[in-house]
Amino acid sequence: MTRLGDLERAVMDVLWDSVPATSDGVTVREVADALDGRELAYTTVMTVLDRLAGKGMVQREREGRAWRYRPAATREAHIAQLMLDALDLGGSRDAALVRFARSVTGTEAEVLRAALGAEAGLAGSGPAESGLTDRVEDPRAGGPALDEATDR
1 MTRLGDLERA
11 VMDVLWDSVP
21 ATSDGVTVRE
31 VADALDGREL
41 AYTTVMTVLD
51 RLAGKGMVQR
61 EREGRAWRYR
71 PAATREAHIA
81 QLMLDALDLG
91 GSRDAALVRF
101 ARSVTGTEAE
111 VLRAALGAEA
121 GLAGSGPAES
131 GLTDRVEDPR
141 AGGPALDEAT
151 DR
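This is the structure we're talking about:
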């Protein structure tokens with residue numbers, strides 16, 4: 001998935017924050033107006049939206065002489081794809097996942113446990129029953145958590 005520049009991100013934030021999934025989308029003028037603190041020309045916003053359409057980040061539909069734009073995916077789907085792309089950068093995916101798991105807060109860890117439990121059909125079970133405890137298991141060996149020396 002394509003990483004976004006600052007202006008592209010600002011435009012996508014407008015779309016993600018203001019366009020419900022059931023909406024027909026917004027016009028270039030509406031996006032430009034929502035970026036009120038940036039003093040951008042209409043044509044600049046139009047160019048950014050056109051580039052985002054070319055990258056597959058937005059969908060557009062003709063309405064008269066204008067286009068209406070809406071996000072092609074949710075913000076959460078975009079972020080998840082960025083995370084997956086980062087795992088593909090090389091090295092050990094397992095080690096990167098372990099390092100990530102060690103860096104999340106307790107609340108974030110609970111969200112991950114619940115999602116993994118639901119995915120495994122274990123929704124409602126506690127961390128011990130689901131095999132998800134405070135230790136991060138090495139999925140390659142099915143055994144102990146990776147230590148600092150092995151997760152580099």
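So in full-length UniProt numbering the end of the sequence shown lands on 152, straight run, no missing numbers.
Don't be surprised by glycine CBs; every beta carbon is placed ideally from N, CA and C.
Nearest-angstrom beta carbon gap, residue j and residue i [assumed within contact, 8 Å]
{"i": "residue 70", "j": "residue 103", "result": "Not confirmed; about 33 Å, so no contact."}
{"i": "residue 40", "j": "residue 32", "result": "6 Å"}
{"i": "residue 96", "j": "residue 87", "result": "6 Å"}
{"i": "residue 12", "j": "residue 57", "result": "6 Å"}
{"i": "residue 10", "j": "residue 38", "result": "7 Å"}
{"i": "residue 119", "j": "residue 52", "result": "So it is not a contact: roughly 31 Å between Cβ atoms."}
Selected residue, minimal CA-CA separation from residue i, among the options
{"i": "residue 68", "options": "33, 75, 60", "result": "60"}
{"i": "residue 72", "options": "97, 16, 4, 121", "result": "16"}
{"i": "residue 5", "options": "100, 36, 49", "result": "49"}
{"i": "residue 101", "options": "90, 89, 116, 91", "result": "116"}
{"i": "residue 66", "options": "42, 78, 85, 36", "result": "42"}
{"i": "residue 36", "options": "14, 54, 20", "result": "14"}
{"i": "residue 55", "options": "78, 44, 18", "result": "78"}
{"i": "residue 20", "options": "74, 64, 3, 89", "result": "74"}
Per DSSP, cross-strand counterpart(s) of residue i
{"i": "residue 154", "result": "Missing from the structure shown is residue 154; the chain here goes from 1 to 152 and no further."}
Residue i at chain D interface by Cβ criterion, 9 Å
{"i": "residue 64", "result": "Any reference to chain D falls outside this structure, which holds one protein chain only."}
On the three-pair Cβ rule with 8 Å, is the region 103-122 touching the region 20-29?
Contact fails: fewer than three Cβ-Cβ distances are below 8 Å.
Fully enclosed by the region 33-93, which alpha helix (DSSP H) runs are 4 residues long or longer?
Fully enclosed alpha helix (DSSP H) runs of no fewer than 4 residues occupy 42-54, 75-87 of the region 33-93, in order along the chain.
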